[in-house]
Each structure stands twice: as structure tokens, then as C-alpha cells.
Amino acid sequence: MKRTFSFVWILALLGLGSCNHSAESKIDRRVETLLAEMTLDEKIGQLNLVDSGDLEELVRTGKSGALFNVVDPARVNRLQRIAVEESRLGIPLLFGRDVIHGFHTLFPIPLGQAATFDPQLVEQGARVAAVEASAAGVRWTFSPMLDIARDPRWGRIAEGYGEDPCLTAVMGAAMVRGYQGGDLRNPTSLAACIKHFAGYGAAEGGRDYNTTKIPARELRNFYLPPFEAAVRAGAATVMTSFNEIDGVPSTGNPELLHEILREEWQFDGMVVSDWNSLGEMVAHGFAADKRDAARKAILAGTEIDMMTFGYSGHLRELVESGEVPESVVDDAVRHVLRLKFRLGLFENPYVDEGLSARTSYAPEHLATAKRCALESAILLKNDGALPLSRVRNLLVTGPLADAAHDQNGTWSFDADPGHTVTPLTALRRVEGLHISYVPGLKYSRDRSSAEFAHVTAAARRADAVVVFLGEEAILSGEAHSLSDLHLAGAQSGLLAAARAGGKPVIAVVMAGRPLTIERDLANCDALLYLFHPGTTGGEAIADLLTGRAVPGGKTPVTFPRTAGQIPMYYNHNNTGRPAVGNEILLDEIPLRAGQTSPGCTSFYLDSGWEPLFPFGYGLSYTTFAYGAPRCDRETYGPEETIVVECTLSNTGRCAGTEVVQLYVQDLTGSIARPVKELKGFERVTLDAGESRTVTFRLPVEELAFHGFDLTRRVEPGRFRFWVAGDSASGTPAEFEVR
Ligand code: BGC
């Protein structure tokens, strides 16, 4: 099957998550009947999402219609029975959970899944997560996170799909399809919740929860497209974000929640706040108190309040005083009830209490997770040390070699690290390989060099050394921002100590973000990078190191050289003075040089203008060559489709998979345009010596953007395009749009 991915590809899959028309009208009738019977307090109860307090009492009295963080099937059933049998109207509960990259079987963190550039596999992973989580009684996941992240200091870069709107849109739609399956009523379906709407990833300085500055056009052209694609794929719910944009917190932003989400995109699902994001509008200085926050939030379109207790505490008086029309509350309740009907909760409220134990960590789940971990690995350097050949005695060292908890990554609440196979365990199982193990450091932040001499001595005795470096799980994710992105603790020292043994050194980094590893590259012969790869990460790594599998992952974010270069992302606008390549850097500047001698362009004296690794980059054990790209015509009309072709050849000695990427640049627009934008990609597997023509079909419509007057359209003119293995290479060609 042909696997070219673009926005159009997503559109073609529309409808998979939506119920048929007659079922929907039946649901609407049932919603209206039920709504007519509800008291105002019961309506407000449906808008209250909690995970703590006297849950049984809240449910019995109809004061909470949805709970989260309850994952024991027996407890789920106990609470559900109270809702169904003891509350006045018997409305079933909806149980939510942050199922972010798997439930029990953990897949790579989302950033790692993005590195696969394989949406079909990502969709299968979300399906596995849904099967396992639903078996525990969960029917709603707060995932996928579709925040574009251009700043690896931001710990939550781990939870998303990187810096690119096209890749994030494709992956987001895949996650939605995987979670929701073909039909929400299927008991293995989870309602997806796309978050955080919107702009949360633009936190200034990468400091979590920080303010954002996103111009309206930028919001439309970069931050919103993944959300729109996921809405079109049928996402059942949306979560508002903590941040404000240009002074307006999302939870109280009617432009985002009404105009864009409901009116423009015709979203008919339900909107939930983030944890206390309603209450935090007081801290923002946007609401005077919780009552004011509740008023602003419900009027803006935030329908369920997660953990502020603003609606449960104040909505009744706001309705009674006339400040909030009851019809606004009714609309919110409609969306909640409709979701519960769509999920089949009224017919099927309970979970089989033995199912979870029978389902979790099933061999086929582990196999899918392993494929994902394999495809997520990015080979960033290889001077021939990989795959390991003729190595009999291998020294394994480093704080991530045997760290199950850390390898699982952020948001791994439900996984048992006992099921996680570490690289050390997996390598010890490889026949013919003798492993000696010296931890070197106890954990990633460990600053002690006490074992380094021992590591050097052991390296001398070995044929090769693999040093497992990176970040503990706790160093990325929510509220875990960093300002220094070097390997933590004494890890760089450990790598140098391994190097001093004089044998080939392979670094394997497992982290929640791109770290600034330039100085470490000099101390290894090969470097394999994985964003925390989850349960089967160790087995995948062992296969990759020994050549039983060939790496093919690509960077879903730019790797900066230094944290000071951030923000650095590939699809930036050009400056009036782009770097031209003859700039003089710090150490080359002669004494008493003239003021303009280093060059009057946009660059850093100390770190230049290029990143360490560009977006879309990754090596293989084989090599690929690209022919010149060509399109089928010189000019295209606005309704036409551009057919781009390029010949890809495997010029190396083994089979491998390459992610072929199509980039386009709009040369002149009513506003300055990005230097490149990803418009499609395809995974192509070729045998050694094989060549194939790769074809992309790009509708001209996909060149549209929000221009000077903010409307979205394709602007006629000349375009440049590249077909390449990353965002920084390739031969350009051009076409014109009339
Ligand atoms: C996070 C959300 C998450 C929610 C519920 C918040 O702190 O921002 O992403 O879904 O907690 O756990």
C-alpha cells in the first residue's frame, strides 16, 4: 500500500470516528429527554470532573458526572453502580485518565513515536493503549497532546510530536483514530481529548505554564492546524490550555472555543478545562475570583471544570442572577450526555473485572510496542562502530543501562516497571556476546566520578563499550523545564572515561527531549538517540546495536548545539539578512578586527547559524541517494494537484527504510513565509542496490496560509520544493501557481 502522508490524507480518513446519521439523531432525542428531567444542580454535576474527595457521595448525589484517575476495575464498577443505581437519574459516570503513550504496555513517549514518521504504527499503538485502558474501566484519555514545541527546555516537549504542524497533524489524527476505533460504542474505545487548546507549547523561555506571545497569523498557520486535523478525524473532546495568548487565558477565550472550534471547525464534541485552569484565571489577573472565573469560562465555552470546583460552587448562583443563561449550561450538558451515549455507557456501564489482567502486556501488544521502539531510534552518528560486529566482549556502562523506571519516560503511572526490559537485560540475552557491566554512575544527575577509573580499565579489556546516557524520567514532562540541556551530572565525564579505554565507544541516549550533545559526539564513534522508549525499549536497542534491526527514525525536532540558540526550528521565516556561509566565528576573529568583519547576517558568533541536527535527520546502516526532484508541470491552477517525483536509491550494503520528505517554500507572499515547510512524507524500504520512484500528490490547496488580511488562501506565485532525507538537504526545483 502506498504510504504518503499529508493533510489531504487525513481528510480522506474523515468519518471513521463518527457515528451514522440515524444513530446520532436517536442519541440527540435521548439527550433532550434526559435533559428535560434534570434539575439545575444535576446539570451542574455533569460539568464537574474530579479525582478526589468523597467520590461515592459526590456520585450518589449527582454532584459529579465524571471522575478521573480511578483505574481499579472493581472500584470503577463500585462507583459506576452508585451512579447508575443510586443517583436519581442513573446517568453513568465517565472515567478519564492520562493514557499518554500506553497504559500498561508502554510505547515510546509521543516525541519518540513522532520520530517513526509512521502514523499507521502510531495508530496501532493508540489502539493497544485503548484496549488495555478500557479493560480497566477507563473510557476517556487526555491525549493526544498536539502542542507544537520549538523549545526543548520545555519539559512537555516529550508529550507531543515535535515542532512541525504537518507531522503533528498526521500523528494527532492517527492517535485519535487509534483510541476511538471505528465506533466509540465499542467497549474498547476511548474518547480522545486533544490538548492543550491552544498555544501551550509556546511558553516563553520554555518555562512550563509561562506566558506566550503568538501573533494571530502564527497561531493560525502553525499552532492550530494539528487541532483542526484532529477535529476532522473525529476527536471527541478538547482540553483548554493553562496559558494565555495575548492576555486571554484559553479557558476563558471565546474566540478560540466558540469562533474557531465550534463555528469554523464545526466541532460537536465536549470541551474540558485543564486541571484548575479555570481557577488559575484568577492568578492570571483575568478573573476577580472563582465565581468570576466560572462565569467567564462557561460563557467562553469551557464545559467541564477539572478540579477548580468553580461550576459546582458558583454556577447555580450565576444562573439564578441571570449572569449565565441556563441555555449555556444546557448546551454544555448536552455535549457531555451526548458523549456518554456515543460511548454506549448507558447500555454498557460496567467493566469485566478480570479483563484487565487477561489483556495487559499481551504478546501482540508488546510486539507492536517493540516495533514502535525500533522505528523510533535515531542514528545520529556512525563512524562504522555500528552494528556491532566481531565484538565478543562488550562493556556496558551508564546510568540508563538498567533503569526500567526511567526508560519508561514521563506519564507512566499505570505501567509496572517489572515488565520493562532494559538494554542490559536484553544484551545479556544475546547469544555469543559476553557482557561486563560497570554502572559508572547511579543515575543521570549523579556527579560522582568515583567509578570512572574502573570504567576506563574495563573498557581496555573489552572489544567495545556501549554507554547508556540520558535523562531520568523525572527530568521531562509537566513542570520539568530545564535551562541547561547538557547531559546531567557527570555523564559527559563518564563518556570521556569510556573513551579513554581506546576501544570503539557507542553512546545510546534515552531522554525526554533533544539534549545539547555536541561536546559528547566527539567522545563516541556512534550515537543512537531514543526518546524514552518504554516497555520494550531495551529489546529494541539490543536488536539495533547487534544489527538484527536497522535504524530509520528521524528527528521530529531540531537538535540545537547550545541552549542559547533556542528557539531554533527549521520552518522559521527568513530574515532580511540570512546567514550566507562566510561568517567568521568567535575563534577566527582577528585582534582589533573591523566592526563589520564577522559578517552582518543573522548568526551567533559562538555557535553559528546551524543546529547540531536539523529536523527530519537520521542515519541508517545503509546509505540513500536522492535523484533530482521533478514535478509534472510548470504551472498549476488553484484546484489542481502537483505530482512530485523523485528517485531514491539504496546505495549501501543492507536493506533499510528511509523517510522521504517533501518540503515546499512559498517564495513570495503577502507576508514573509517560512524557508521550508514539510508537506508530505513517506517511509520507503529498499534492498541494497534497489531504486524506486517516490511520488507525492500535493493538492495546491495545501499551499494555503493565513496571509496579510488573516484569511486563508493560496497566493499565486513561484514555489520551491525539495525531496530529501532531512530539512537541511536536497536539490531545489520550482513550480508556479497561477
Ligand atoms: C495537565 C494535563 C492533564 C491533566 C490531568 C494537567 O496538569 O496539564 O495535560 O491531562 O493535568 O491529569
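Each number in my numbering corresponds to the 1-based position in the sequence shown with 49 added. Where is the CB? At the ideal position from N, CA and C, for every residue including glycine. As the structure is a prediction and not an experimental result, all values here were calculated from the model.
Asked	Found
Member of Glu-659, Glu-135, Pro-663 and Ala-426 whose CA lies at the smallest distance from the CA of Gly-630	Glu-659
Distance cut-off 7 angstroms: Glu-527 Cβ against heavy atoms of the ligand BGC	yes
Element boundaries [alpha helix (DSSP H), containing Cys-573]	First-last for Cys-573: undefined, no H or E at that position.
Cβ contact check for the region 550-568 and the region 498-517: 3 or more pairs under 8 angstroms	yes
Residue range of the beta strand (DSSP E) that includes Met-559	554-560
Counted within 10 angstroms of its Cβ, other Cβ atoms place Glu-521 as buried (16 or more) or exposed	buried
Inter-residue Cα distance where the pair is Gly-362 and Val-119	23 angstroms
Heavy atom of the ligand BGC within 7 angstroms of Trp-324 beta-carbon	yes
Straight-line gap, Ala-475 to Pro-765 (C-alpha atoms, nearest Å)	55 angstroms
In DSSP terms, what Asp-707 is bridged to	Just to set this straight, residue 707 is Glu in the shown sequence, not Asp. Glu-707 is bridged to Val-733.
Terminal residues of the alpha helix (DSSP H) in which Ser-376 lies	375-391
Beta-bridge pairing of Met-822 - partner residues as DSSP gives them	Examination of residue 822 is not possible in this model, given that the chain is present from 50 through 787 alone.
Selected residue, minimal CA-CA separation from Ile-46, among His-755, Arg-787 and Leu-668	Absent from the model: residue 46. The displayed extent of the chain is 50 to 787, so no value can be given.
The ligand BGC heavy atom lying under 7 angstroms from the CB of His-16	Any answer about residue 16 is impossible in this case: the structure gives the chain only from 50 up to 787.
Check whether Ser-322 and Asp-295 have beta carbons under 8 angstroms apart	no
Per-residue burial, Ser-183 [other beta carbons within 10 Å of its own, 16 or more giving buried]	buried
Spatially closest choice to Ala-513 from Gly-458, Glu-567, Leu-444 and Glu-308, by CA coordinates	Leu-444
Check whether Asp-196 and His-245 have beta carbons under 8 angstroms apart	yes
Closer than 7 angstroms: Asp-354 CB and nearest the ligand BGC heavy atom	no
Limits of the beta strand (DSSP E) - the one that Ala-513 falls within	513-519
Runs of beta strand (DSSP E) wholly within the region 117-177 (minimum 3 residues, chain order)	143-146
Backbone secondary structure at His-414 - three-state DSSP	helix
Phe-745 beta carbon near the ligand NAD (any heavy atom closer than 7 angstroms)	Questions concerning the ligand NAD fall outside what the structure shown contains, since the ligands it does hold are the ligand BGC.
Given Glu-212 as reference, the closest of Leu-239, Tyr-670 and Pro-605 once Cα atoms are compared	Pro-605
Beta-ladder partner(s) of Asn-622, from DSSP	Pro-723
Spatial distance of Ala-502 from Val-554 (CA atoms)	16 angstroms
Closer than 7 angstroms: Phe-191 CB and nearest the ligand BGC heavy atom	yes
6 angstroms Cβ shell around Glu-726 - same chain, five flanking residues per side excluded	Asn-620 and Val-713
Chain-order list of residues whose beta-carbon lies under 7 angstroms from that of Thr-611 (same chain, five-residue window excluded)	Thr-565 and Ser-656
Neighbourhood of Val-385 by C-beta, 8 angstroms cutoff - its chain only, sequence neighbours within 5 removed	Gln-95, Leu-96, Gly-114, Ala-115, Leu-143, Met-319, Glu-352 and Ile-353
Option nearest Pro-678 by Cα separation, candidates Tyr-670, Glu-402, Val-709 and Leu-310	Val-709
Cβ-based burial, Cys-649 [other Cβ within 10 Å; buried from 16]	exposed
Buried versus exposed, by CB contacts within 10 Å (16 or more), Lys-262	exposed
Inter-residue spacing [alpha-carbon to alpha-carbon] between Glu-86 and Arg-387	15 angstroms
His-755 - DSSP class collapsed to helix/strand/coil	strand
Short Cβ contact (8 angstroms threshold) for Phe-745 with Leu-711	yes
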